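Residue numbers (the numbering used here): 48 to 157.
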């Protein structure tokens with residue numbers, strides 16, 4: 048059991064934290080449901096929020112665990128310096144032309 052929790056925590060810490068918070072909210076809502084006997088259309092008022100927190104807990108914990116099962120792939124090799132510089136220039140030209148056409152279009156509009 049400890050390895051499953053450790054794998055889930057390692058898989059995605061934020062998602063694991065979300066699952067823990069939802070589990071705590073489930074417990075709180077269950078206690079509230081015991082003391083608050085109101086109903087809506089003959090169903091306990093707190094049943095729907097409890098169902099949501101249970102489903103979010105199970106989904107978050109399962110997804111965090113599954114992400115922990117993945118092997119981290121090796122990063123792709125970096126392109127040569129000359130190629131990176133060329134890509135940087137192309138990106139700058141695309142950004143500059145899109146910005147300038149946006150500005151000219153705004154100036155031409157009444």
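For each residue, glycine too, the CB sits at the ideal point set by N, CA and C.
All values reported here derive from a predicted model rather than from experimental measurement.
Alpha-carbon spacing of residue i relative to residue j, whole angstroms
| i | j | result |
| --- | --- | --- |
| residue 88 | residue 70 | 27 angstroms |
| residue 142 | residue 123 | 25 angstroms |
| residue 56 | residue 115 | 8 angstroms |
| residue 65 | residue 91 | 26 angstroms |
| residue 81 | residue 52 | 29 angstroms |
| residue 54 | residue 75 | 26 angstroms |
Near the ligand ZN: residue i beta-carbon under 7 angstroms from a heavy atom
| i | result |
| --- | --- |
| residue 109 | Although the ligand ZN was asked about, the structure shown includes no ligands whatsoever. |
Start-to-end residues for the alpha helix (DSSP H) that takes in residue i
| i | result |
| --- | --- |
| residue 96 | 94-116 |
| residue 76 | 60-82 |
Counted within 10 angstroms of its Cβ, other Cβ atoms place residue i as buried (16 or more) or exposed
| i | result |
| --- | --- |
| residue 144 | exposed |
| residue 107 | buried |
| residue 77 | exposed |
| residue 73 | buried |
Nearest-angstrom beta carbon gap, residue j and residue i [assumed within contact, 8 angstroms]
| i | j | result |
| --- | --- | --- |
| residue 113 | residue 58 | 7 angstroms |
Query - Inter-stretch contact (C-beta, 8 angstroms, three-pair minimum) for the region 79-87 and the region 100-113 - result: Not touching, per the Cβ criterion.
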